[in-house]
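Residue numbers (the numbering used here), protein chains in the order written: chain E, 1 to 279; chain C, 1001 to 1279.
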């Protein structure tokens, strides 16, 4: 189950729409990427995202801020981007350095520009099936499941992990699609038993090869949303592969989907802005 | 497991705070209750809430609107209340008549006045453990569980029902308290088996006596958030009582907690407004 091909299709569609928008209105979609501090992994992610923007005909603006910035200053900078009509989408690279209130900074993103789907408003929209932007990785996971015709209605989904940008929203999206959703996390007991009941497992725990193949119900669909040095995911792939009916690879599974959804939503934000400047 | 005593304590505390606020600032907390149409049950609920406000020294303002009102008009009316400095909390009685977009009307409530905890912003705040108002019934359920020292960390909670003002938020509150949370609903399969694994069951399905005692794990804690004519809940009490270690009664369990939390949050909103008029 590979995300790379599907992501390529989504990116191509986003590029077409961006070109059409620019031809029609002269407006090129613009994603502001906010990078705080000098974490090498974050720098790499932001660079990748900007490269993909360029390849898709989407402008990007890098806002690099020092690690020592205060929450208030960061909120102000994000608020300025929210008010800037030349910016259509805002991505604040997670995580920000310790000591900064990341949630407060996320909330400074205007919902209409929250193309990374990180605000509480976007979370509510995902939970209630309302118009809004989805969190990119969860949104990408749903697109992947749909592309492979994975049935969700009435199926048991176990989400391992409950982060605000991954576990929690993916569970809400699955619930909105009529799955029976169980949230597991670091305080859950008997994880193997909980996983064994699942038709669908989404692993987003941030620990390499944490989920073992022996835990899986034979035939389960397994989405590995982890990424660790050495190309490891959150799932122990060798043992999972023999029991799962589908397993997303790492790399090349969920990862490419995340960026594709981000860019697609950036174009959508730009289109919305052109259509309705008040939004 | 009765909510009536606990609710009385909470109401007494809210009344004390309301009196202190009025003595200190001359401001009496004010709850605007918006009633659309002439559903008798809704009228009764609104009357009950206003009576409780009066008993607690909280002002209330009834805004009764015709069933034929449009979504746009309702949104405007709610928006006006959101902007009115004399109003500290807003309650839009659920459900509004068919044909009106209830969600759009809820979203017109300013987060700082969302004392019923129905906006997407409040939902996000509940999910992420941020400052904000909780949905009243879910918040009341958590208070009840805490009052009875029900352990939550690592325990399996099954939430039956996923409404935006009950099932979904109570699941998020339980997850934030480190329970392992499963959302079940009308499309879930094998409900009895899912319930049997639960240390805590929250029944909010809106169907009388739907949950049977035979489904329960012996010793489970059962919260019945249903209310139906004849004093029936969503749980079949006679069979549940013999297996559950705790079962909330209907009436007198969850119901009184809902109003108590609503009034407490109205006073809190008024206190916040006096402290920081910009909020």
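Each residue gets a CB set at the ideal place from its N, CA and C atoms; glycine is no exception.
Short Cβ contact (8 Å threshold) for residue i with residue j
| i | j | result |
| --- | --- | --- |
| residue 1111/C | residue 1102/C | no |
| residue 1098/C | residue 1074/C | no |
| residue 186/E | residue 194/E | no |
| residue 175/E | residue 1156/C | no |
| residue 253/E | residue 224/E | yes |
| residue 976/C | residue 1215/C | Residue 976/C is absent from the model: chain C starts at 1001 and stops at 1279. |
| residue 14/E | residue 56/E | yes |
| residue 64/E | residue 35/E | yes |
| residue 148/E | residue 246/E | yes |
| residue 1160/C | residue 1138/C | no |
| residue 1256/C | residue 1089/C | no |
| residue 1069/C | residue 1100/C | yes |
| residue 1235/C | residue 1150/C | no |
| residue 260/E | residue 140/E | yes |
Exposure of residue i, with buried meaning 16 or more beta-carbon neighbours within 10 Å
| i | result |
| --- | --- |
| residue 986/C | The requested residue 986/C is not part of the displayed model; chain C covers only 1001 to 1279. |
| residue 971/C | A question about residue 971/C goes unanswered here, because the residues of chain C that appear run from 1001 up to 1279. |
| residue 1192/C | exposed |
| residue 1044/C | exposed |
| residue 1202/C | buried |
| residue 72/E | exposed |
| residue 1062/C | exposed |
| residue 1199/C | buried |
| residue 1008/C | exposed |
| residue 229/E | exposed |
Distance, residue j Cα to residue i Cα
| i | j | result |
| --- | --- | --- |
| residue 178/E | residue 207/E | 28 Å |
| residue 1037/C | residue 1113/C | 23 Å |
| residue 1182/C | residue 91/E | 31 Å |
| residue 1118/C | residue 1130/C | 15 Å |
| residue 153/E | residue 180/E | 8 Å |
| residue 12/E | residue 87/E | 22 Å |
| residue 16/E | residue 262/E | 15 Å |
| residue 1249/C | residue 190/E | 31 Å |
| residue 1209/C | residue 1243/C | 15 Å |
| residue 1227/C | residue 1237/C | 12 Å |
| residue 1219/C | residue 217/E | 28 Å |
| residue 60/E | residue 33/E | 7 Å |
| residue 232/E | residue 1079/C | 50 Å |
| residue 67/E | residue 135/E | 25 Å |
| residue 1128/C | residue 1027/C | 32 Å |
| residue 1025/C | residue 258/E | 52 Å |
| residue 1041/C | residue 1048/C | 11 Å |
| residue 116/E | residue 1158/C | 30 Å |
| residue 85/E | residue 107/E | 18 Å |
| residue 1239/C | residue 1083/C | 50 Å |
| residue 1142/C | residue 1165/C | 14 Å |
| residue 213/E | residue 184/E | 17 Å |
| residue 93/E | residue 144/E | 23 Å |
| residue 205/E | residue 211/E | 9 Å |
| residue 271/E | residue 10/E | 16 Å |
| residue 1077/C | residue 109/E | 27 Å |
| residue 280/E | residue 1006/C | A question about residue 280/E goes unanswered here, because the residues of chain E that appear run from 1 up to 279. |
| residue 1029/C | residue 1126/C | 24 Å |
| residue 1046/C | residue 46/E | 52 Å |
| residue 1081/C | residue 81/E | 30 Å |
| residue 1050/C | residue 50/E | 55 Å |
Contact test: residue i Cβ vs the ligand ATP heavy atom, cutoff 7 Å
| i | result |
| --- | --- |
| residue 27/E | Summarising the ligand content, the structure contains no ligands, and the ligand ATP is consequently not present. |
Chain A residues whose Cβ lies nearer than 8 Å to that of residue i
| i | result |
| --- | --- |
| residue 1257/C | Included in the structure are the protein chains E and C, with no chain A among them. |
### Message
Would the region 259–269 of chain E count as touching the region 11–27 of chain E if we require 3 or more Cβ pairs under 8 Å?
### Response
yes
### Task
Could you say if the region 164–172 of chain E and the region 119–138 of chain E meet the contact criterion of at least three C-beta pairs nearer than 8 Å?
yes
### Message
Threshold first: 3 residues or longer. Then list the beta strand (DSSP E) segments lying entirely within the region 183–216 of chain E, N to C.
### Response
200–203
### Task
Report the residue ranges of all alpha helix (DSSP H) runs contained in full by the region 1023–1057 of chain C; include only those spanning at least 4 residues, in chain order.
1040–1055
### Complete runs of the alpha helix (DSSP H) confined to the region 1078–1130 of chain C [at least 4 residues]
1102–1107 and 1120–1128
### Secondary structure, beta strand (DSSP E): runs of 3+ residues fully inside the region 1220–1267 of chain C
1221–1224
### Message
Please give the ranges of any alpha helix (DSSP H) in the region 148–178 of chain E, keeping only runs that are unbroken, at least 4 residues long and fully inside the region.
### Response
167–176
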